[in-house]
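J.: Supplied in structure tokens, the structure appears directly below.
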Amino acid sequence: VTKARLDREETSFYDITITASDLGQPPLLASRVLNVQVSDVNDNAPEFPQNPLELYLMENNDPGASILSVRATDKDLNENADIAYNLVRGDGLQHDMSAFLNINSDNGNIYALKSFDFETMKTFKFHVVATDSGNPPLSSNVTVNVYILDRNDNAPVILYPINTNGSAECVEEVPRNVNPGYLVSKVRAYDADIGYNGWLLFSLQEITDHTLFGLDRYTGQVRTLRSFTETDEAQHKMIILIKDNGNTSLSATATVIVHVVEPKEAFAASNTKNTVTSEDENNVTFYLIITLGSVSGLFIISIIVLIVMQCSKPSDYTSKYLQDTNYDGTLCHSIQYRSGDKRYMLVGPRMSIGSTIVPGSNGNTLVVPDRRSRASGEVRAQNNYTPCNEKRSNLKCAH
1360 VTKARLDREE
1370 TSFYDITITA
1380 SDLGQPPLLA
1390 SRVLNVQVSD
1400 VNDNAPEFPQ
1410 NPLELYLMEN
1420 NDPGASILSV
1430 RATDKDLNEN
1440 ADIAYNLVRG
1450 DGLQHDMSAF
1460 LNINSDNGNI
1470 YALKSFDFET
1480 MKTFKFHVVA
1490 TDSGNPPLSS
1500 NVTVNVYILD
1510 RNDNAPVILY
1520 PINTNGSAEC
1530 VEEVPRNVNP
1540 GYLVSKVRAY
1550 DADIGYNGWL
1560 LFSLQEITDH
1570 TLFGLDRYTG
1580 QVRTLRSFTE
1590 TDEAQHKMII
1600 LIKDNGNTSL
1610 SATATVIVHV
1620 VEPKEAFAAS
1630 NTKNTVTSED
1640 ENNVTFYLII
1650 TLGSVSGLFI
1660 ISIIVLIVMQ
1670 CSKPSDYTSK
1680 YLQDTNYDGT
1690 LCHSIQYRSG
1700 DKRYMLVGPR
1710 MSIGSTIVPG
1720 SNGNTLVVPD
1730 RRSRASGEVR
1740 AQNNYTPCNE
1750 KRSNLKCAH
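Quick note on my numbering: the sequence shown kicks off at 1360 and runs consecutively.
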């Protein structure tokens, strides 16, 4: 009977000695040695010696070449220690590059199926899983962080002078009376690489007069070294070389042509440029004024239309044939046609705007002034029309 669990990975073989003795005098005994071999079960998963792994890979690698080999160990035996390697695909990483990789399931060699570009992607990671052949199988995984290293594979790109028809060339006009140190031009360039591979230096590859112009090797500025004389040529040409500091240096060239002009000509050229700029600014101002004027005109027209509509409304403040409800729910109107200052009278609980109360009435007789122009032959109505409900004795009809 075992006193504890047996672990083959700790002790795989036991020698057990069994001794039997009797109780006689003297006692006799016999012994026998048992050799116990502990069999293996799949109780250990594969293990990687390091997790995560880091891989530094130069860009522009050869597609199909091996870039890394991973190894895992298993403490079990036989098929329980038989390990197969696989890439974890579609694991939700931001840059899932497993589609561009392949792995040998037997030995863990990893191959790149494409060439990686540092300028496009600088780092990515993927996962490798190692699974044994036990029952049930056990597995573990490792994360591989890949860092793409820059290679000097990008030549300098010239921003100024602008490259046209495959040649970067510009023409600069310089007054003849400028002082030494005058800024003639500045060559601008950049390199997509980093470090020394992207560090640019400028140099004069060709120049007509070395005593007249100088070039700053770090900034690309071209300046005059001395004043111009009457014997100096009116045109000078410089070819500027821009190169990086990679192990295999890459370069580009720019051409600067300098025209030495008299001060009046330079001033005229400057005025021409300023005039063109001023005309463009004036055109923009003119269009802005037109736009603002149109908006203001539409606003004023809208205000005028609203005023006219308000003024064109009828100013009759009287209401014809009002139906006023009496206190007991009945309708009673008293209308009297008269000549003179009064046109008709309404009897009811309300008063209209501009109406007057007949003196001596009880407040239920409303007299409205006649605002119509009096025509000749004004009709005088002598009869009173009182559409009152005769059954209502508590209502008064005005005459």
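For glycine and all other residues, C-beta sits at the position ideal for the given N, C-alpha and C.
DSSP has Lys1545 in a bridge; who is on the other side?
T.: Secondary-structure assignment with DSSP links Lys1545 through a beta bridge to Gln1580.
J.: Please classify Ser1671: does DSSP put it in a helix, a strand, or coil?
T.: coil
J.: Roughly how many whole angstroms lie between the Cα atoms of Asp1381 and Val1397?
T.: 32 Å
J.: Please classify Asn1606: does DSSP put it in a helix, a strand, or coil?
T.: coil
J.: Look at Arg1585 and Leu1571 and say whether their C-beta atoms are less than 8 Å apart.
T.: yes
J.: From Val1615, Pro1405, Ser1610, Val1395, pick the residue whose C-alpha is nearest to that of Ile1566; which is it?
T.: That would be Val1615, whose Cα lies nearest to the Cα of Ile1566.
J.: For the segment 1401–1419 and the segment 1505–1517, state whether three or more C-beta atom pairs, one from each stretch, are separated by less than 8 Å.
T.: yes
J.: Alpha carbon to alpha carbon, how far is Asn1394 from Ser1498? Give it in angstroms, no decimals.
T.: 33 Å
J.: How is Leu1559 classed by DSSP in three states: helix, strand or coil?
T.: coil
J.: Taking the DSSP output, what are the residues bridged to Arg1391?
T.: Looking at the DSSP output, Arg1391 shares a beta bridge with Ile1377.
J.: So what does DSSP say about Gly1493, is it helix, strand or coil?
T.: Of the three classes helix, strand and coil, the one that applies to Gly1493 here is coil, per DSSP.
J.: Report, in whole angstroms, the separation of the C-beta atoms of Ala1489 and Ala1431, which I expect to be a contact under 8 Å.
T.: 4 Å
J.: Roughly how many angstroms lie between the CA atoms of Leu1518 and Ser1457, to the nearest whole one?
T.: 38 Å
J.: Compute the Euclidean distance between the alpha carbons of Leu1559 and Val1617, then round it to the nearest angstrom.
T.: 24 Å
J.: Going along the chain, which residues of its own chain have a beta-carbon closer than 6 Å to the beta-carbon of Ser1492, five neighbours each way excluded?
T.: Glu1438, Asp1441
J.: Taking buried to mean at least 16 other C-beta atoms within 10 Å of its own C-beta, is Gly1688 buried or exposed?
T.: Its pLDDT being 49, under 50, Gly1688 is placed unreliably by the model, and the measurement read from it follows with that caveat. So Gly1688 counts as exposed.
J.: Please name the residue, chosen from Phe1645, Asp1366, Pro1422, that lies closest to Asn1401 on a Cα-to-Cα basis.
T.: Asp1366
J.: Any idea what DSSP makes of Ile1507, helix, strand or coil?
T.: strand
J.: Measuring alpha carbon to alpha carbon, tell me which of Phe1475, Pro1496, Asp1455, Thr1482 ends up nearest Ala1404.
T.: Pro1496
J.: Using alpha carbons as the reference points, say which of Tyr1577, Asp1568, Leu1542 lies closest to Tyr1549.
T.: Nearest option by C-alpha distance: Tyr1577.
J.: Classify Lys1602: buried if its beta carbon has 16 or more other beta carbons within 10 angstroms, exposed otherwise.
T.: Lys1602 should be labelled buried.
J.: Note down the Cα distance separating Phe1658 from Met1668, rounded to an integer number of angstroms.
T.: 16 Å
J.: Does Tyr1680 pass the burial test, meaning 16 or more other C-beta atoms within 10 Å, or should it be called exposed?
T.: Its pLDDT being 47, under 50, Tyr1680 is placed unreliably by the model, and the measurement read from it follows with that caveat. Under this definition Tyr1680 is an exposed residue.
J.: Which residues does DSSP pair with Ala1527 in a beta bridge?
T.: Asn1522
J.: What is the residue span of the beta strand (DSSP E) that Met1417 lies within?
T.: 1412–1417
J.: Pick helix, strand or coil for Phe1485, following the three-state DSSP scheme.
T.: Three-state DSSP puts Phe1485 in a strand.
J.: Apart from the five residues on each side of it in sequence, which residues of its chain come closer than 7 Å, Cβ to Cβ, to Pro1422?
T.: Ala1471, Leu1472, Lys1473, Ser1474
J.: Taking just the CA atoms, how far does Ala1593 sit from Gly1540?
T.: 18 Å
J.: Would DSSP call Glu1369 helix, strand or coil?
T.: Correct three-state label for Glu1369: coil.
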